[in-house]
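Everything below concerns the one structure shown next.
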Amino acid sequence: MKLQDAHCWAEIDLDALTHNFRLIQGLAGETPICAVVKADAYGHGDRMVARTLGDAGAAWFAVSSLAEALHLRRGGITQPILILGMTQPSQAARLAEYHIIQAIFSLPYAEALSAEARKAGVTVEGHLKTDTGMGRIGFGARSDFDSAVRELLACRKLPGLRITGIFQHFSAADSADPDDLAYTESQLALFQRVLSAVTALEPLESVHCCNSAGLASHLNGGQTLVRAGIILYGQDPSGDLRVPGLRPVMRLKSVVSHVKEVPAGTAIGYGRTYITERPTRIATLCCGYADGYPRALSNRGTASINGKPAPVTGRVSMDQIMVDARGTEVQPGQEAILIGGSGADSFAEAAEKAGTISYELLCAVSRRVPRVYLRGGGVTAVEDYLAEN
């Protein structure tokens, strides 16, 4: 099982993914896990990741949109799927047909979805989204508690909707700042107040408040479900909050296309931002910002060849980067690790250098980059989005 034309690829270690899930199960105890596989499973490939996690025991999956949910259903995923974002009310029939649970985040949205469900003669299952301090979507319990509770209760009475759950999202649970810790505790307390008010007369099947950071921080809001995202993929929620034992799942790799020896004073790349100070061996790699290697790592990133660091020289181009390969024997056709392996930047290190977070770098790996799935040390599958069918 080989790539048709190896340029740049992402190796996805399914054994590491399963290991991380087992570790998360230990954190969650008896609480079922909802695996967050939005954004193509954070760039790892949603169907293969969902199948692997389903086999490991994931009870639910969460996505961002109807298109993502349908992609999983067409891929044979049968577990409950929750859409965390907005779906147009006109899609009520499809939500019902494919047994997809929709986040309900305001009374007007609930009323519109209810109307479309009744028109189609279906019932849509929903989870109520409470805004306890994220400031994004959700019933604004922090700004007007009484009004939020009234609207939440009103949603439970709308025809065409079957409300089975309620949830919220922590905004700063990955921070060790004392003010952020206090804010997170206030979010949890507020959610518990909302939960008590909304379920006083009738309970709900599903209650979930913990994302990866909340789970790693051992927060609990009487939940029946926890949502694991970034930690599934072996990345810490932040520099402040680390989860011991995680194994990175992705490595971004490329191949050396060209090697040349250049004298001192040679300009490398667009804009002449790097000038060699001594005779240098420059290796060109078949990867660029169109593949997901950020341009912000120009003259800052570190790849590796033969296990030895190879600093990025010059600007990252759309399709190619140049590295300083002094001190290592290198030939065209050799593999190079761009991010996530011995001698190269980890995703956390690359993100810090690029001024962003590991989430963004994982999600940025483009669809022209094949995903090569490993199990037991060998290749078990290849997902090449551009391959001829």
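Number 371 marks the last residue of the sequence shown (the working numbering); no jumps.
For each residue, glycine too, the CB sits at the ideal point set by N, CA and C.
These numbers come from a predicted model, not from an experiment.
Assign residue i to one of three DSSP states: helix, strand, or coil.
i    : result
K290 : strand
S129 : helix
I212 : helix
K242 : strand
G323 : coil
A369 : coil
G204 : coil
L64  : strand
L135 : helix
R144 : strand
A363 : strand
A249 : strand
A195 : helix
M300 : coil
A278 : helix
P219 : coil
P71  : helix
A155 : coil
Taking 8 Å as the cut-off, decide whether the C-beta atoms of residue i and residue j are in contact.
i      : j     : result
V238   : G122  : no
R357   : D(-3) : yes
A(-8)  : L234  : yes
A336   : L279  : yes
P71    : A51   : no
L172   : R132  : no
A292   : A318  : yes
A210   : A17   : yes
C191   : L170  : yes
V180   : I148  : yes
A78    : T105  : yes
V298   : G322  : no
A38    : F87   : no
H(-11) : S236  : yes
A92    : L163  : no
S324   : G289  : yes
G216   : R229  : yes
R29    : L54   : yes
H109   : L64   : yes
G453   : T255  : A question about residue 453 goes unanswered here, because the residues of the chain that appear run from -17 up to 371.
Pull the bridge partners of residue i from the DSSP assignment, please.
i    : result
T112 : F121
F149 : K111 and H190
V305 : A265 and V294
Y271 : Paired residues: none, contrary to the question.
L234 : A(-8) and I321
I257 : A249
A285 : A292
V225 : The partner list for V225 (beta bridge, DSSP) is empty, contrary to what the question assumes.
V106 : L143
Note the first and the last residue of the continuous alpha helix (DSSP H) segment covering residue i.
i    : result
F329 : F329 to A336
V176 : P160 to V180
R76  : A74 to E79
E93  : L89 to A102
A346 : S340 to A346
Given 7 Å as the limit, tell me if residue i has its C-beta closer than that to any heavy atom belonging to the ligand MG.
i    : result
V208 : The ligand MG is not part of the structure shown, which contains no ligands of any sort.
Hey, quick one: how far does the beta strand (DSSP E) through residue i stretch, first residue to last?
i    : result
Y355 : R353 to R357
A85  : I82 to I86
Using a Cβ cut-off of 8 Å (strictly closer), state whether residue i contacts chain C.
i    : result
G227 : Here there is only one protein chain, and chain C is not present.
Original post:
Where in the segment -16 to 55 do unbroken runs of the alpha helix (DSSP H), each at least 4 residues long, occur, reported from the N-terminal end onward?
Top reply: Counting only runs that start and end inside the segment -16 to 55, the alpha helix (DSSP H) elements of at least 4 residues fall at -4 to 10, 20 to 24 and 28 to 38.
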